[in-house]
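**Student:** Below: one structure in structure tokens.
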Amino acid sequence: MEYTPITSFRRAMDAAQMQHLERHAQSRSRKAVNKWAALRELSAARAEFDLSDRDLTVLQALLSFHPGDELADPARLVVFPSNATICERLHDMPCSTMRRHLANLVRAGIILRRDSPNGKRYVRRGPNGPRAFGFDLSPLLHGFDDISAAAERARTEAAHCAALRESISLMRRDLIGLIDYAASLDADHPLNAFRDMIALVSRAMRRKNDRDDLEQIARRLRDAVAALHAILDTQSIAAETAQMSTNDAVNEQHHQRSNKESFESDLTEKSPEADPTDKVPLDLVLKACPDILIYSEDPIRHWNDFTRLAHKVRPMLGICASVWNEALAAMGINEASVTVAAILQRFTEIRSPAAYLRSLAAKASANRFSSSPMIMSLMRQAA
């Protein structure tokens, strides 16, 4: 009567090995599994089984000694190569290293040792068929469902972490753009704290972060973006209120003199000593004026792309070449392009875009125009 051993030759039994043996004895419902599919699933789930790439390389070598691709026949699930043969198939891996990886596979319950009475690996032919002593691959067969479930959890976790890294990258980019914009206003903002946060996040993202680390980084960035938005909105609203109250009388006189349109143009006035507004980040302009992107076949990545697109769009708004040239001369190409994008964004509110652009160009010539408040007003409306 044949007996299947549960202990290894000259190796102590431990609780982990007992647990794997009990699980192996209770799960024998699966009839066949492709051995390479099992290896792929285990590769995806290796972290949960605490296995390394080298451990899986040794397992791949063991699987190569199993005839065929299907793990099914119990009589063929024990492979019995010698240590020298395994090392040769592993491109002359040192025997001590190979044994260490085999021990890891046994500890994880991926293979079982079926040692002969003297510890040798061999197959013996008898009246009841062949009987092999070596490494039992049956845990891959009977534990395939558990391995597949672990692999699916690992893939889900990896996808979630990838989405978090993407969100972190986008929020970090937006935070940099908002800092640059706030700095261009010469306002008294606590920008150094935000810059320090970006430096810390950049340093942290160079490390290997788990899901909890990434979620914590994402929360900090989300709070920082919201805080900087609030600071800029508070200042913009205050500036808008002051400018609108100052310009109410001017607008009243303007309406008495003529019927020219105004589309919140008072928000675009500035004092002669203010900074030039071509420092507004392009990302903010595109967020505030998304309608212009409809007319672009390619992504807008640089100011050159944006100015070419504005030049393409301005005839569609009825802005003739002479008015466009006046705007270019008074504002510069970046500022004129931003103004055209803002006019397009509020096209339904303006009866004559050409006349409106000409009036803004006249203000720019007197150093009384900036597109920054226009962009911030559009950003608030979009929000």
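The sequence shown begins at 2 in this note's numbering and counts up one residue at a time.
Using N, Cα and C, we set each Cβ at its ideal position, and we do this for glycine too.
1) Considering just the uninterrupted stretch of the beta strand (DSSP E) at Leu1, what are its terminal residues?
2) Who does Tyr357 pair with in a DSSP beta bridge?
3) Indicate the three-state DSSP secondary structure (helix, strand or coil) for Phe145 in the structure shown.
4) Excluding five sequence neighbours on each side, which residues of the same chain lie with their C-beta closer than 8 Å to the C-beta of Arg100?
5) Does the beta-carbon distance from Gly120 to Phe81 come in below 8 Å?
6) State buried or exposed for Gln382, treating a residue as buried only when at least 16 other CB atoms are found within 10 Å of its CB.
7) For the alpha helix (DSSP H) holding Ile344, just list the boundary residues, first then last.
8) Once you ignore the five residues that flank Met94 on each side, which residues in its own chain have a CB closer than 6 Å to its CB?
9) What is the DSSP secondary structure of Gly178, reduced to helix, strand or coil?
10) Check the DSSP bridge columns for Leu201 and list the partner residues they point to.
11) Provide the residue(s) that pair with Tyr123 in DSSP beta bridges, ordered along the chain.
12) Report, in whole angstroms, the separation of the C-beta atoms of Ile169 and Leu222, which I expect to be a contact under 8 Å.
13) Can you tell me whether DSSP reads Val226 as helix, strand or coil?
14) Below 8 Å on the Cβ atoms is my guess for Leu171 versus Ala183; work out the distance and round it to an integer in Å.
15) For the region 74-106, list the alpha helix (DSSP H) runs that are entirely contained and at least 4 residues long, ordered along the chain.
16) Would you check if there are 3 or more beta carbon pairs closer than 8 Å linking the region 149-159 to the region 200-210?
17) Inspect the CB distances between the region 331-349 and the region 279-294 and report whether three or more fall short of 8 Å.
18) What separation, rounded to the nearest whole angstrom, lies between the Cα atoms of Asp306 and Ala205?
19) Are the beta-carbon atoms belonging to Leu52 and Ala104 less than 8 Å from one another?
20) Within its chain, find whatever has a CB closer than 6 Å to the CB of Leu318; leave out the 5 residues flanking it on each side and keep chain order.
21) Take every Cβ of the region 310-328, pair it with every Cβ of the region 345-365, and state whether three or more of those distances are shorter than 8 Å.
22) How many whole angstroms separate the CB atoms of Ala384 and Glu327, which I take to be in contact at a CB cut-off of 8 Å?
23) So Leu72 and Val34 are in contact, right, with Cβ under 8 Å, and what is the actual spacing, rounded?
24) Can you look up Glu71 in the DSSP assignment and give me helix, strand or coil?
25) Sort His67, Met198, Asp147 and Arg132 by Cα distance to Leu176 and report the nearest one.
26) Measure the C-alpha to C-alpha separation of Thr349 and Val314 and round it to an integer number of angstroms.
27) In three-state DSSP terms, what is Asn35?
28) Between the Cα of Ala331 and those of Thr86, Trp37, Leu310 and Lys364, spot the shortest distance and give me the residue it belongs to.
29) For Asp56, count the other beta carbons within 10 Å of its own beta carbon; 16 or more makes it buried, fewer makes it exposed. Which is it?
30) Taking Leu91 as the reference, which of Gln61, Ile112, Pro75 and Val107 has the closest Cα?
31) Between the C-alpha atoms of Arg173 and Arg41, what's the straight-line distance to the nearest angstrom?
32) Taking all protein chains shown into account, do 16 or more other C-beta atoms lie within 10 angstroms of the C-beta of Pro140, making it buried, or fewer, making it exposed?
33) Let me check understanding here. Comparing Cα to Cα, which of Pro282, Ser44 and Asp292 lies closest to Leu179?
34) Report yes if the CB atom of Arg166 is closer than 8 Å to the CB atom of Leu215, and no otherwise.
35) How many angstroms separate the CA atom of Thr98 from the CA atom of Val107?
36) So, helix, strand or coil for Ser371, using DSSP?
**Tutor:** According to the structure shown:
1) Because the chain in this structure spans residues 2 to 384, residue 1 falls outside the shown range and cannot be described.
2) Its beta-bridge partners do not exist; DSSP assigns none.
3) helix
4) Asn84
5) no
6) By the 10 Å Cβ count, Gln382 comes out exposed.
7) It spans Ile334 to Gln346 - the alpha helix (DSSP H) in which Ile344 sits, taken as one unbroken run.
8) Cys88
9) helix
10) Answer by DSSP bridge pairing: none, since Leu201 is not bridged.
11) Phe134
12) 6 Å
13) helix
14) Going by Cβ atoms, the distance from Leu171 to Ala183 rounds to 19 Å, so no, they are not a contact pair.
15) 84-90
16) no
17) yes
18) 33 Å
19) no
20) Non-local C-beta neighbours of Leu318 in its own chain, meaning closer than 6 Å and more than five positions away in sequence, comprise Pro354, ordered along the chain.
21) yes
22) Not really, about 33 Å apart at Cβ, beyond 8 Å.
23) 5 Å
24) strand
25) Met198
26) 16 Å
27) Asn35: strand per DSSP, three-state reduction.
28) Lys364
29) buried
30) The shortest C-alpha separation from Leu91 is found at Gln61.
31) 35 Å
32) A residue is called buried once 16 or more other Cβ atoms fall within 10 Å of its Cβ, and Pro140 is buried on that count.
33) Pro282
34) Yes.
35) 15 Å
36) coil
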